[in-house]
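In the numbering used here, the protein residues as written are 14 to 157.
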């Protein structure tokens with residue numbers, strides 16, 4: 014199954030883009046399209062989905078974390094190739110950057126992805142927040 018994306022734009026911030034992956038299909042909500050190496054299908058299918066995601070967004074790579082359901086931030090994370098394995102050593106649930114052209118990837122199932130941008134569009138942060146992160150007040154401390 015091909016990756017299906019919903020592209021979003023922040024009003025007044027043309028330099029900041031966002032895309033959400035949609036994974037519903039006739040065979041089931043989790044049938045195909047997985048971009049996670051830690052759950053779901055085999056490596057080849059995940060790599061194909063990751064390449065498809067990047068192509069649809071016009072990207073060559075992204076920044077990715079080993080999300081651990083906590084409240085740790087990484088600033089100016091390293092870029093990761095779509096077929097990179099193992100996952101980055103960065104055990105965190107949020108990342109922020111002021112570097113142009115950096116794509117910040119947050120993976121979720123039943124957690125919330127938060128994308129925050131300064132009104133100038135120069136600073137962006139992406140957070141993975143589940144019940145543990147909410148309990149730790151990560152939506153506040155991650156951007157505070």
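Even for Gly, the Cβ is constructed at its ideal location relative to N, Cα and C.
Where residue i falls, given that 16 or more other Cβ within 10 Å makes a residue buried
| i | result |
| --- | --- |
| residue 6 | Any question about residue 6 goes unanswered here, given that the chain covers just 14 to 157. |
| residue 182 | Here the chain covers residues 14 to 157 and nothing more, so residue 182 does not appear. |
| residue 90 | buried |
| residue 28 | exposed |
| residue 75 | buried |
| residue 148 | exposed |
| residue 35 | exposed |
| residue 140 | buried |
| residue 52 | exposed |
| residue 73 | exposed |
| residue 124 | buried |
Start and end residues, alpha helix (DSSP H) containing residue i
| i | result |
| --- | --- |
| residue 81 | Here residue 81 belongs to no alpha helix (DSSP H), and DSSP marks it neither H nor E. |
| residue 59 | 56-70 |
Secondary structure of residue i, DSSP reduced to three states
| i | result |
| --- | --- |
| residue 124 | coil |
| residue 26 | strand |
| residue 107 | strand |
| residue 151 | helix |
| residue 145 | helix |
| residue 94 | coil |
| residue 17 | strand |
| residue 116 | coil |
| residue 129 | strand |
Whether residue i touches residue j by CB criterion (8 Å)
| i | j | result |
| --- | --- | --- |
| residue 230 | residue 142 | As displayed, the chain neither begins before 14 nor continues past 157, which places residue 230 out of reach and without an answer. |
| residue 84 | residue 154 | yes |
| residue 109 | residue 137 | yes |
| residue 116 | residue 70 | yes |
Run of the beta strand (DSSP E) containing residue i, from where it starts to where it stops
| i | result |
| --- | --- |
| residue 88 | 86-88 |
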